[in-house]
Amino acid sequence: MDQMLYASTNGQTPTVGLAQALIQGQAPDKGLYLPVSIPRFAPGELESLRDRSYPEIAAAVLAKFVSCTFPPETLEEMCREAYDFDVPIEPVDGRRYVLRLDRGPTASFKDFAGRMMGQMFGRLHRDAPGRLVILTATSGDTGSAIAHAFYKIPKIDVMVLFPPAEVSARQRKQMTTLGENITAVGVQGKFDDCQALVKQAFTDRTLAGVQLTSANSINIGRLLPQIVYYVYAAVRLTPEGGPIIFSVPSGNFGNMMGALLAARMGVPVERIVVATNQNDEVPRFLETGRYEKIVPSRHCISNAMNVGHPSNFARVVSLFGGWLDETGTIRRMPDMEQLKSLLWAVSVSDEETRETIRRAWHERRLLLEPHGAVGWLGLERYLHEHPSSAIAVSVETAHPAKFPEEIEHLLGFTPEAPPSLAELELKNERFLTMPADYGAFHRLILDTYRS
Ligand SMILES: *Cc1c(COP(=O)(O)O)cnc(C)c1O
1 MDQMLYASTN GQTPTVGLAQ ALIQGQAPDK GLYLPVSIPR FAPGELESLR
51 DRSYPEIAAA VLAKFVSCTF PPETLEEMCR EAYDFDVPIE PVDGRRYVLR
101 LDRGPTASFK DFAGRMMGQM FGRLHRDAPG RLVILTATSG DTGSAIAHAF
151 YKIPKIDVMV LFPPAEVSAR QRKQMTTLGE NITAVGVQGK FDDCQALVKQ
201 AFTDRTLAGV QLTSANSINI GRLLPQIVYY VYAAVRLTPE GGPIIFSVPS
251 GNFGNMMGAL LAARMGVPVE RIVVATNQND EVPRFLETGR YEKIVPSRHC
301 ISNAMNVGHP SNFARVVSLF GGWLDETGTI RRMPDMEQLK SLLWAVSVSD
351 EETRETIRRA WHERRLLLEP HGAVGWLGLE RYLHEHPSSA IAVSVETAHP
401 AKFPEEIEHL LGFTPEAPPS LAELELKNER FLTMPADYGA FHRLILDTYR
451 S
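Taking our numbering, the leading residue of the sequence shown gets 1, the next gets one more, and so forth.
Right, dumping it as structure tokens:
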């Protein structure tokens, strides 16, 4: 098989192979990498996956993108190690389902990408000299997913910077109870301070002796694993290859990109409902054709979706022939007819989100948390306007037990925590604290990692 190449959405830089795209993260022209062409399933291939396990389906899908870098037997092993948890598809009524992506180690869908990134980076770096240090700043969920993804991966260290005043106790414990190759650092400041420190370290030549890299949300390695669960749901729920609708609660648009790529690969997707909170720049773009980022982003209870300029939207625009640059300027319009025939976008308010959590529980015993509720209401709205006999799947991106106060307030009980969250209470925390000062951060990096 020929090597799959990856091109930047800004188109100002040469194409690269997978390993380079993974290590670089962002393309040198500040664009995002996408496969030069999207591989398609062979006739009969989807049907043949119907009875396979999640790791087997993952290996079959990912092979189309990574086979030159990771041969089939290696890839199968990677998928078995990454995906050792359940992926429940919960029936709601006749044709509607909720896909729960919350059974990984940090109870959010970010584990699907994180766990595979851990495998990919671990294997790529295994025979290279020295240790690789992943620096990341977090406002909560990403840092814990990255920390768990790289936990005990040989020859890789992780340093996570977080603002203690801005993360919940549970989020903090997800980062501070690991130890081993994971170093958690509480920065006396805000999330923006953490991010500024990490950015400065990446451009600091005096740190050249330490191999620093990021594993941030725009990395192509985060995107590819997110195709798999859409293929999984489709082959399980539509054995005759019938049409399927996905509703995806969206913030930075990485998750919905997985559904879009699955559709391009040949999964018979009727529509992708893109449900946002009040950060509604994309629903507005679909309505008006004008893209205006929202600065600063709006604070909503589905807090992992508070993104006013989703970086992955450049990839969506690119797949429909347009060009959205890193500043948020549309340089070439995508084919809006085509785009709107596959994507349907809707914005949901906090009040509607809370009402949906109440209603889903009281009417159907369907337990949702704020992000999943945005997706569910989005699906209801879509089906109300476009009656369809297709199977419809709404994606639940986090475990309700991650939002105990909100659920308790709305439903009068605290959801039971999955084992991964419950165990946190018993573990010891260990983390460093540091002022939001680059000099101190620079010393910390050298003291921790200089060999
Ligand atoms: C990150 C996150 C989202 C948003 O996903 P995107 O890929 O950024 O659109 C939704 N829900 C939860 C729980 C998340 O952590």
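We treat Cβ as the ideally placed atom computed from N, Cα and C, and that holds for glycine. Since the structure is predicted, the reported quantities are computational estimates derived from the model, not experimental observations.
Let me know the secondary structure DSSP gives residue i once reduced to three states.
| i | result |
| --- | --- |
| Ile218 | coil |
| Tyr83 | coil |
| Ser226 | Reading off the sequence, residue 226 comes out as Gln, not Ser. Residue state, collapsed to three classes: helix. |
| Tyr438 | helix |
| Ser394 | strand |
| Met336 | helix |
| Asp111 | helix |
| Gly188 | Correcting the residue identity first, residue 188 is Gln in this sequence and not Gly. Reduced to three states, the DSSP call for Gln188 is strand. |
| Leu18 | helix |
| Tyr151 | coil |
| Phe246 | strand |
| Asp204 | coil |
| Ser144 | helix |
| Gln26 | coil |
| Val66 | helix |
| Thr13 | coil |
| Met4 | coil |
| Met211 | In the sequence as presented, Met is not what sits at residue 211; that position holds Gln. Gln211: strand per DSSP, three-state reduction. |
| Thr276 | strand |
| Glu281 | helix |
| Val460 | Here the chain has residues from 1 to 451 only, and residue 460 is not among them. |
Whole-angstrom Cβ separation of residue i and residue j, contact assumed at under 8 Å?
| i | j | result |
| --- | --- | --- |
| Phe162 | Thr138 | 5 Å |
| Arg331 | Trp323 | 4 Å |
| Tyr232 | Val87 | 6 Å |
What separation, rounded to the nearest whole angstrom, lies between the Cα atoms of residue i and residue j?
| i | j | result |
| --- | --- | --- |
| Arg264 | Gln188 | 45 Å |
| Ala360 | Gln195 | 37 Å |
| Ser451 | Phe403 | 41 Å |
| Met78 | Ala234 | 23 Å |
| Ser217 | Ala201 | 18 Å |
| Arg205 | Glu396 | 42 Å |
| Val185 | Arg115 | 22 Å |
| Phe65 | Pro129 | 26 Å |
| Gly104 | Val98 | 16 Å |
| Leu212 | Ile227 | 28 Å |
| His386 | Leu377 | 14 Å |
| Cys300 | Ala169 | 19 Å |
| Asp437 | Ala19 | 33 Å |
| Gln278 | Pro71 | 43 Å |
| Cys68 | Met4 | 8 Å |
| Pro239 | Ala390 | 12 Å |
| Asn96 | Ile220 | For the record, residue 96 in the displayed sequence is Arg; it is not Asn. Each residue's Cα considered, the two are about 30 Å apart. |
| Arg172 | Thr327 | 32 Å |
| Leu367 | Ser388 | 24 Å |
| Phe150 | His384 | 43 Å |
| Ala165 | Ile146 | 20 Å |
| Gly241 | Lys30 | 39 Å |
| Ala275 | Glu351 | 15 Å |
| Tyr54 | Phe285 | 35 Å |
| Ser214 | Ser420 | 25 Å |
Around the Cβ of residue i, are there at least 16 other Cβ atoms within 10 angstroms (buried) or fewer (exposed)?
| i | result |
| --- | --- |
| Val295 | exposed |
| Glu73 | exposed |
| Pro154 | exposed |
| Thr433 | exposed |
| Glu423 | exposed |
| His309 | buried |
| Met336 | exposed |
| Ser37 | exposed |
| Asp127 | exposed |
| Ala208 | exposed |
| Leu46 | buried |
| His399 | buried |
| Arg315 | buried |
| Pro418 | buried |
| Leu260 | buried |
| Asn428 | exposed |
| Thr288 | exposed |
| Phe413 | exposed |
| Gln338 | exposed |
| Pro249 | buried |
| Arg364 | exposed |
| Ala21 | buried |
| Glu281 | buried |
| Arg100 | buried |
| Asp102 | buried |
| Asp111 | buried |
| Ala440 | exposed |
Please confirm whether any heavy atom of ligand 2 lies closer than 7 Å to the CB of residue i.
| i | result |
| --- | --- |
| Ser394 | The model depicted lacks ligand 2 and carries ligand 1 instead. |
Is there at least one Cβ from chain C nearer than 8 Å to residue i's Cβ?
| i | result |
| --- | --- |
| Gly322 | Any reference to chain C falls outside this structure, which holds one protein chain only. |
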